[in-house]
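Quick mapping for you: the protein sequence lines, in order, are chains F and D. In terms of our numbering, the first sequence opens at residue 1 and continues consecutively. In terms of our numbering, the second sequence opens at residue 346 and continues consecutively.
Number of protein chains: 2
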Amino acid sequence: MFRLALDAMGGDYAPLQIVRGGILALKEFPNLFVYFVGDKKEIEPILEPFKEELSGRFEIVDAPEKIEMNEPPSKVLKKKNSSLYVAGKLVREGKADALVSAGNTGAVLAVGKFVIGAIKELERPAIGVAFPNPKGQTVLLDVGANVDVKPRHLVQFAVIGHTYAEEILGIKNPRIGILSIGEEEGKGNELVKETYPLLKETKLNFLGNAEGRDIFNGQFDVVVCDGFVGNVVLKSAESLGFTILNMIKEEIRKSFWAKLGALLMQRAFRKLKQKADFAEYGGIPLLGAKAPVIITHGRANAKAIRNAVKAAMDFYTHHFNDVLRKNLIELSGEVLQKGKNNKNV
Amino acid sequence: MFRLALDAMGGDYAPLQIVRGGILALKEFPNLFVYFVGDKKEIEPILEPFKEELSGRFEIVDAPEKIEMNEPPSKVLKKKNSSLYVAGKLVREGKADALVSAGNTGAVLAVGKFVIGAIKELERPAIGVAFPNPKGQTVLLDVGANVDVKPRHLVQFAVIGHTYAEEILGIKNPRIGILSIGEEEGKGNELVKETYPLLKETKLNFLGNAEGRDIFNGQFDVVVCDGFVGNVVLKSAESLGFTILNMIKEEIRKSFWAKLGALLMQRAFRKLKQKADFAEYGGIPLLGAKAPVIITHGRANAKAIRNAVKAAMDFYTHHFNDVLRKNLIELSGEVLQKGKNNKNV
């Protein structure tokens, strides 16, 4: 039995779409148990029609306190009766195996980092995004959990990315790069220059510097960077995707033939949009937390929540954290040992 | 008379396409004079047929030494008979008013920074790119000239960007942002947090933190960042653009109706490609050098070179550097004064 803590109150369409997403998942996955965490008064009526069908498969945990949009993490951690905090506590106490939330990213991060915490082999969990490339996917991490980092953290991110690519995306011996400007060793900022030799020492398949273009061209399977750069890339990529689609629409609007053409291409465009919607698809994992934590888009609907639940189950059934622990010791042992003795590395 | 130093040997299609680009520009702009700098043996035959028509409008300056791809800046600056170095020297000595080169970016930067140099009111020139947005353009800088920067440099970049947006792009009182993660003051890395209050002190129209998405959504006219982050954004945006276009092609290939549709949309796609090809269009300026320096793509053809020459002329005829000097003093006076007394700012 896989027991999920679902933050029923986070997201733009909470609780209706979130709870419906949980119901979708319960119907599809027979081994799933869901804690619907949130305002019981609001959640219960949505679940009412499914009470018998899903009997024994779920529990409503009352947590009426509200987290506002853009509430700072320090405040979030004080609201101990919020749906998010209570869901996190269920995971910490071992009652649930994973957390899914469509709440604001900063709040979910805070609960992931401080209520659930990182596995003990790791100092900091990281957020990973799998971007589409012509041949498959490239994992970029960290995309926002850690703003100012040390070289040893980037080494840890590399091992996390390796494990994600190999275990979840099925990429054997993933090609690892460090995000920089210029291909050659010695190019980049201070952080990159200090991290490069450490990554060379690991047993990872480290190919060297990756440039911005390498996130999307399929030359690397995993690209590591600090959470500041990664977040900027993630948000600019999302936005550029929209801008390009809007430009296409704008050009289409201008001509009758283009309009007709677009009509014929409708199916192709729809498929494309699915592929490009990397944030929507299955949510974004906080990698290295003691249990799977999946952050979905604030706009998540029932289908997106179902995908996020599926993603959390994948981490669980692949024993992601066990493999990650092993990899942290086997692939980067010496480097991390050095880091423990010298906090400047 | 506007006298241009054209590096005839830089770029994938040099010297033929570069020289042809110079000829295109000479035919179109009657006030233009071009120094074709490079291997005279190779350049002369290309210009031969235009000798009479363009008599007195150009001069070939022999500079036979070659700069290799990826040659480090330190080496570039020692090759004093290379086309790029000699072209830079023509500008430094006041014989030419601007430099255009399709050579490798690092090499052009080195010559721009160390042979031509920055205007004296400025510590470091910056590379600016004007990205398309739904309503117009957004200038991002620096995108690669300065990797590790101090807060005061970002303030200088903001004034440079303001001047570029106002004088060259015609945007009145441009809205300035600093690239960060999260909208609120206090979000970001150390550099951003230290720079934010300095930017608030200036007389610029400073709106606060811009996120990655704001580079492409039209909410800001100028976004400043260090050259590491900017370069990563530039290269990932170029690459994502290609990836999306390739995905469209891939989907089109799969269906007859989509193929037909694409045929009808051909014109629209062509226009879109032009708009998206921001690096191609007119090249990228090194802003704040003593004279306009335009770096074009290595793949630049004659048309791209013509566009770059036009861009250099625009900077010259708008007296960009005079306005920039004035703005540096009037818009950021106190902040920069503080910076001069405390190099940690």
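In this text, a Cβ means the ideal position worked out from N, Cα and C, and glycines have one as well. Owing to the predicted nature of the structure, the values given are computational and were not obtained by experimental measurement.
Contact under 9 Å by Cβ, residue i with residue j
i	j	result
SER101/F	GLY22/F	no
PHE36/F	LEU47/F	yes
LEU328/F	LEU198/F	no
ALA110/F	PRO73/F	yes
ASN591/D	THR243/F	no
ALA210/F	GLY177/F	yes
GLY59/F	ASN104/F	Looking at the sequence shown, residue 59/F is not Gly but Glu. In this structure, ASN104/F does not lie closer than 9 Å to GLU59/F by Cβ.
ALA98/F	PHE2/F	yes
ASP221/F	THR138/F	yes
LYS40/F	ASP7/F	no
ARG692/D	VAL690/D	There is simply no residue 692/D to check, as chain D begins at 346 and stops at 690 in what is shown.
SER600/D	ARG267/F	yes
ASN307/F	THR317/F	no
VAL654/D	VAL379/D	yes
VAL537/D	SER236/F	no
LEU669/D	ILE505/D	yes
SER677/D	LEU549/D	yes
ASN534/D	PHE157/F	no
GLU251/F	MET610/D	yes
LEU169/F	GLY136/F	yes
MET354/D	GLU387/D	yes
LYS120/F	ALA145/F	no
PRO519/D	GLU511/D	yes
ARG57/F	LEU32/F	yes
LYS411/D	SER427/D	yes
GLU334/F	GLU194/F	no
Buried or exposed (CB count within 10 angstroms, at least 16 for buried), residue i
i	result
LEU154/F	buried
LEU608/D	exposed
ASP667/D	exposed
HIS664/D	exposed
ARG644/D	exposed
PRO375/D	exposed
GLY290/D	Absent from the model: residue 290/D. The displayed extent of chain D is 346 to 690, so no value can be given.
LYS150/F	buried
SER373/F	Outside the shown range of chain F (1 to 345) lies residue 373/F, about which nothing can therefore be said.
PRO360/D	buried
DSSP beta-bridge partners of residue i
i	result
GLY606/D	BP columns for GLY606/D are empty, so no partner.
ASN301/F	Beta-bridge pairing links ASN301/F to no other residue.
ILE589/D	DSSP lists no partner for ILE589/D.
ARG348/D	PHE378/D
ILE127/F	LEU286/F
PRO72/F	Partner(s): none; PRO72/F has no beta bridge.
ASP426/F	Residue 426/F is absent from the model: chain F starts at 1 and stops at 345.
VAL445/D	LEU351/D, ILE639/D
SER428/D	None, per the DSSP bridge assignment.
ASN554/D	ILE523/D
VAL484/D	ALA475/D, VAL567/D
ALA463/D	ALA634/D
The ligand ATP heavy atom lying under 8 Å from the CB of residue i
i	result
LEU16/F	The model on display carries no ligand, and the ligand ATP is accordingly not part of it.
Residue i: contacting residues in chain F (beta-carbon distance under 7 Å)
i	result
VAL574/D	VAL229, VAL232
ASP384/D	Near ASP384/D there are no residues of chain F at all, since even the closest Cβ is about 27 Å away, more than 7 Å.
PRO479/D	THR243, ASN246
ILE388/D	Within 7 Å Cβ-Cβ: nothing; ILE388/D doesn't reach chain F, min ~30 Å.
ARG558/D	LYS235, SER236, GLU238, SER239
ALA607/D	GLY261, MET265
LYS616/D	GLU251
Integer-rounded CB distance, given that residue j should sit under 8 Å from residue i
i	j	result
LEU486/D	GLY628/D	So it is not a contact: roughly 14 Å between Cβ atoms.
ALA107/F	VAL76/F	4 Å
ALA463/D	LYS635/D	7 Å
ILE650/D	ILE363/D	6 Å
Proximal chain F residues relative to residue i, where beta-carbon distance stays under 8 Å
i	result
VAL492/D	ILE181, GLY188, ASN189
Partners in chain D for residue i, counting only beta-carbon separations shorter than 8 Å
i	result
PHE216/F	SER581, SER584, LEU585, PHE587, THR588
GLY144/F	ILE526
ALA258/F	LEU609, MET610, ARG612, ALA613
Beta-carbon neighbours of residue i, restricted to chain F and to distances below 9 Å
i	result
ASN415/D	GLY182, GLU183, GLU184
SER600/D	LEU264, MET265, ARG267, ALA268
ILE597/D	MET265, ALA268
Neighbouring residues, chain D, relative to residue i (Cβ below 7 Å)
i	result
ALA96/F	None at all; the shortest Cβ gap to chain D is about 29 Å.
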